[in-house]
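Participant: Take a look at the following structure, please.
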Amino acid sequence: MRNRKSIENSRIWKIASVSLAIWSLVPVPVFFLLMGLWIDSSPIEPSLILVLLFLPVVGLAIPALMYAGSAAWLIVAPYWVPREIAETFFVVDGLGWFSDVSRRLYLMAYGSRSTSQS
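Position one of the sequence shown corresponds to residue -15 (our numbering), numbered consecutively onward.
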């Protein structure tokens, strides 16, 4: 069995935490768009209770898919997307806190060596 220190330093653990951070930045209006489409296509007239019961289903299924997608992207992207191209999306100077967060996500996915200033 692996000790705690080796689990915390493993690459998959870092990728999972980075993908969770990306998932937390995804905009919420997607949920409301899907809810609106479901209400329009419903054969019955939905009541407020039915809508409130459906919200947890949407609230759990969509984030799970986004989490899986972002994790898959972070695992595969370093093999397909060159470092210089990905760096233009992640490393943006002058944006304060967001620039620091995105720079850390980039470094976790692509390694600690960066072509721009840290």
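All residues carry an ideal CB built from backbone N, CA and C; glycine is no exception.
Rounded to the nearest angstrom, what separates I59 and R88 at their Cα positions?
Facilitator: Looking at the two C-alpha atoms, the distance is approximately 15 Å.
Participant: May I have the straight-line CA-CA distance separating P62 from L34, to the nearest angstrom?
Facilitator: 43 Å
Participant: Can you give the Cα-Cα distance for A48 and V41, rounded to whole angstroms?
Facilitator: 11 Å
Participant: Taking the alpha-carbon positions, what's the W64 to L44 distance?
Facilitator: 30 Å
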